[in-house]
Amino acid sequence: MLMKRRDFLKVGAAASAMASLYGCAGGGKASGHVVVVGGGYGGATVAKYLRMWSEGGVQVTLIERNPSFISCPISNLVIGGQKTMEDITVSYDGLKSKWGVRVIQDEVAAVNAEKKTISLKSGSSLSYDRLVLSPGVDFMWDEIPALKSADAQGKILHAWKAGPQTVALRKQLEDLKDGGTYAISIPKAPYRCPPGPYERACLVANYFKQSKPKSKVVILDANEDVMSKKGLFTKAWSDLYKGIIEYRNNSEVKDVEVASNTAILEFDKFKADVLNIIPPHRAGDIAHKSGIKLINNRWVDVNWLSMESTSTPGIHILGDAIFPAPTMPKSGHMANQHGKLAAAAILNQLAGHEPNPNPVVMNTCYSFVDSKNVIHVSSVHQYDAATKTVQPVKGAGGVSAARNELEGKVALGWAKNIWADMLA
Amino acid sequence: MKLFAPIAALCLLAAASSAQAADPNLGRNLAATCANCHGTNGNAVKGAGIDALSGMPKDKTLQKLADFKSGDKPASIMHQIAKGYTDEQLDLIATYFAAQK
Chain S
33 MLMKRRDFLK VGAAASAMAS LYGCAGGGKA SGHVVVVGGG YGGATVAKYL RMWSEGGVQV
93 TLIERNPSFI SCPISNLVIG GQKTMEDITV SYDGLKSKWG VRVIQDEVAA VNAEKKTISL
153 KSGSSLSYDR LVLSPGVDFM WDEIPALKSA DAQGKILHAW KAGPQTVALR KQLEDLKDGG
213 TYAISIPKAP YRCPPGPYER ACLVANYFKQ SKPKSKVVIL DANEDVMSKK GLFTKAWSDL
273 YKGIIEYRNN SEVKDVEVAS NTAILEFDKF KADVLNIIPP HRAGDIAHKS GIKLINNRWV
333 DVNWLSMEST STPGIHILGD AIFPAPTMPK SGHMANQHGK LAAAAILNQL AGHEPNPNPV
393 VMNTCYSFVD SKNVIHVSSV HQYDAATKTV QPVKGAGGVS AARNELEGKV ALGWAKNIWA
453 DMLA
Chain F
1232 MKLFAPIAAL CLLAAASSAQ AADPNLGRNL AATCANCHGT NGNAVKGAGI DALSGMPKDK
1292 TLQKLADFKS GDKPASIMHQ IAKGYTDEQL DLIATYFAAQ K
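Line order of the protein sequences matches chains S and F. One rule links them: number in our numbering = place in the first sequence (from 1) + 32. One rule links them: number in our numbering = place in the second sequence (from 1) + 1231.
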C-alpha cells in the first residue's frame, strides 16, 4: 500500500488529535505565562509547582503585596509567647532564585478576563494565558459596624492575618494587668482555620496560667458548638485551664463599643480588657472585583477538576477564598493542595490536554493546646464524578487519640516542610 | 480509502480510553499530596523529624502503607491518611517516590 502525501498528512493530524487526549504519550509541552495573585499557602505553591513540573517551560509571575511570607499557622505561638515573628517569616528569594518565579511586590487593581490582562496599583499591567487568584479572605466590616474605621481596627484586633496584628495582640496581652479578661469572638462557620480560635484561647490561657494566673479567657462563639476537635479541646480546657477558660456558644458579636472594649451580642454585652474580634469574612476583595461567580456573595464557585471559576474559564482560584467542598476546612495545608491540583490542571490545559479526571486532596491540621502538647485533625478528599466535587473518604481521617508531645514536634516539623514545599 | 478504517478505529479507541484513562502524571500528582509533610518529591527538610520518602524502595513504602492501613503499624496520623487512598493509588505513590533522588 502506497501512502500518498495527502493521506500521510491525515494520519499525522489524527495522531496529533489522539495525543491531545493524553492517552498517547509525547503530546504537546506546556508553555505560556501564568500570573499568580497572592503568595500565601496556595499561591506560592502553585507558582513553584508550575515551574518545577514544566521544567521551566511555563513562565510564572507572582504578585504579592508583602515583602515576605508570614505564616498564619504557628502564629498563635507568637501570640502565646513561644515563638517570634522571625520564626514564622519566610523569604520569597527561593521562589525567585531556585525556581525562576518573577515576584512583583504590588497589588492587583483590576482583572480583565476578556483581554486576559491585569492592572497593578503601581500602574503597570500584565497579560496572561492563565490567571490564578489565591487572595485569602477579607473581612466583612459591615457586620461589625463600629470596627469600620482604621482607628477602631487598630485598637480591637483580629490578628486573623499573620503580620502586624499578631505582634500588636501579643503586646496587648503583655500589657494586660493580672486579673484582666481576654475575650475572643468566633464568627459563624465557614471561616478561616476552624480550630484556630480554640487553639488561640488555649495558648493565651497557657500564658495567663504561667504569668497572670488571676486572668481569664472568654470564648464568644457565634456557632452552636465547638467547630473542630471538640472533645480534645474541651478536655484540654477542663484538664489544663479550669477556672481560666470560659466557653460561650451561640454568642454572635453584632457590634462593639470601641472606647470601652465591649462586645455587643444579641441580648447581652461583654466587656473585656483585651477584646479580640474575628469578623465574618469572605473571599479576598480581588475575587469580588474580578466578576467571577460567587456563592452567597462570599465564596468563589470552582470546578474541582481544575480549580477554575465555574463562570470564567482561564481563572483558577485557590485556598480560603473558595466555596469549600463537603467538610473541607479553610486551611493553609488545604490551600497548598489546591495549588498542586491547579498546577497539574493548568499544565495539562496549556499543553492542550484535559485536566486529570481523578484529583485527590488531603488535609492535616495541628493545634497546640499548650506550649508542647498538640492535637490534630486529618481528612482525605477524592473527586466524585457524580457530585462533581471532592468528597471526604469515609473511614479515613480523624483526630488524635489524646493530646501528646510527639505531635507537638511533628507540628513544628510540618511547618518547616510545608514552608519548604511552597517556597524553597 | 483503506486508511480510514484503522484510523477511525484508533480514534474510537482513543475516545473510549479518554473517558477512563488515567492522567500520565497521576503518580506525580498523588505523591505531591504527601509533600506538605514529607517534602517536595519526598525530600523532607533535614532535622524536621518527618521521614523522607525519596528513593525509598517501592516494596518498603507499600509495606509501611499497608501496615498503617491495617493498623499493624502504630501511628499518630498515617493510619488515618493511608485509608483515604486506594491500593492502586498507593502503588503509584510508592512507585513515584522510589524513582526520586
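Here a beta-carbon is modelled for each residue, glycine too, at the ideal position from N, C-alpha and C.
Per the DSSP secondary-structure output, C397 of chain S pairs in a beta bridge with S:V409. Within its own chain, the residues whose Cβ lies closer than 7 Å to the Cβ of I354 of chain S, once the five positions on either side in sequence are excluded, are W331, V332 and V334, listed in chain order. Counting only residues of its own chain and dropping the five nearest sequence neighbours on each side, P226 of chain S has a CB closer than 7 Å to the CB of M259, S260 and P361.
With its beta carbon less than 8 Å from one in chain S, L1257 of chain F belongs to the interface.
Interface criterion met: the Cβ of H365 of chain S is under 8 Å from a Cβ in chain F. Between A1279 of chain F and A452 of chain S, the alpha-carbon positions lie close to 11 Å from each other. Remark: fewer than three beta-carbon pairs, one from each stretch, lie closer than 8 Å, so the segment 132-149 of chain S and the segment 271-287 of chain S are not flagged as touching. Here the segment 1263-1275 of chain F makes no contact with the segment 114-132 of chain S; the two share fewer than three CB pairs at distances below 8 Å. Here Y223 of chain S carries a coil assignment [DSSP, helix/strand/coil]. Residue burial is scored here from C-beta neighbours: D352 of chain S has at least 16 other C-beta atoms within 10 angstroms and is therefore classed as buried. S1285 of chain F has a beta carbon lying at 8 Å or more from every beta carbon in chain S. Per DSSP, I1312 of chain F is one residue of the alpha helix (DSSP H) stretching across M1309 to A1313.
In terms of Cα proximity to G72 of chain S, the closest of S:A182, S:V164, S:S322 and S:Y279 is S:V164.
Under the Cβ criterion of 8 Å, T359 of chain S is not counted among the residues facing chain F. Per the coordinates, the alpha-carbon of G70 of chain S lies some 12 Å from the alpha-carbon of D317 of chain S.
Comparing C-alpha distances from N390 of chain S to each of S:S338, S:S411 and S:K321 shows the shortest one belongs to S:S338. When 7 Å is used as the limit between beta carbons, D453 of chain S is near these residues of chain F: A1266, N1267, G1270 and T1271, in chain order.
Annotated three-state conformation of W446 of chain S is helix, per DSSP.
Residue state for V110 of chain S is assigned as helix, using DSSP reduced to three classes. Of all residues in the segment 401-424 of chain S, those with a C-beta nearer than 7 Å to a C-beta of chain F are H408, S410 and V412, reading in chain order. Here I136 of chain S is bridged, per DSSP, to S:I95. Sequence-distant partners of S432 of chain S (beyond 5 residues in either direction) whose C-beta falls short of 7 Å from its own C-beta, in its chain, are L264, I407, H408 and E439.
Separation of the CB atoms of V78 of chain S and A375 of chain S is rounded to 5 Å, and the pair is thereby assigned contact status at 8 Å. Look at the segment 191-249 of chain S and you find these whole runs of beta strand (DSSP E), each 3 residues long or longer: 213-218. Residue environment: D257 of chain S is assigned as exposed (fewer than 16 neighbouring CB atoms within 10 Å of its CB, all protein chains considered). Taking 8 Å as the cut-off, the beta carbon of L382 of chain S is found closer than this to the beta carbon of V90 of chain S.
For L1284 of chain F, the three-state secondary structure derived from DSSP is coil.
If only uninterrupted beta strand (DSSP E) runs of at least 3 residues are considered, those enclosed by the segment 337-373 of chain S are 347-349. In this structure, S:I310 is the residue among S:I188, S:Q185, S:S100 and S:I310 with its C-alpha nearest to the C-alpha of R232 of chain S.
Closest in C-alpha terms to G427 of chain S, from the list F:Y1327, F:A1263, F:Q1311 and F:K1277, comes F:Q1311. Taking a Cβ-Cβ cut-off of 7 Å, the neighbours of L1261 of chain F in chain S comprise V392, given in sequence order.
Chain-ordered listing is empty here: chain S has no CB closer than 9 Å to the CB of Q1331 of chain F, the nearest sitting near 12 Å.
Interface flag for G1302 of chain F against chain S is unset, since no Cβ pair is found closer than 8 Å. In this structure, the straight-line span from the alpha carbon of E146 of chain S to that of L1257 of chain F is close to 32 Å.
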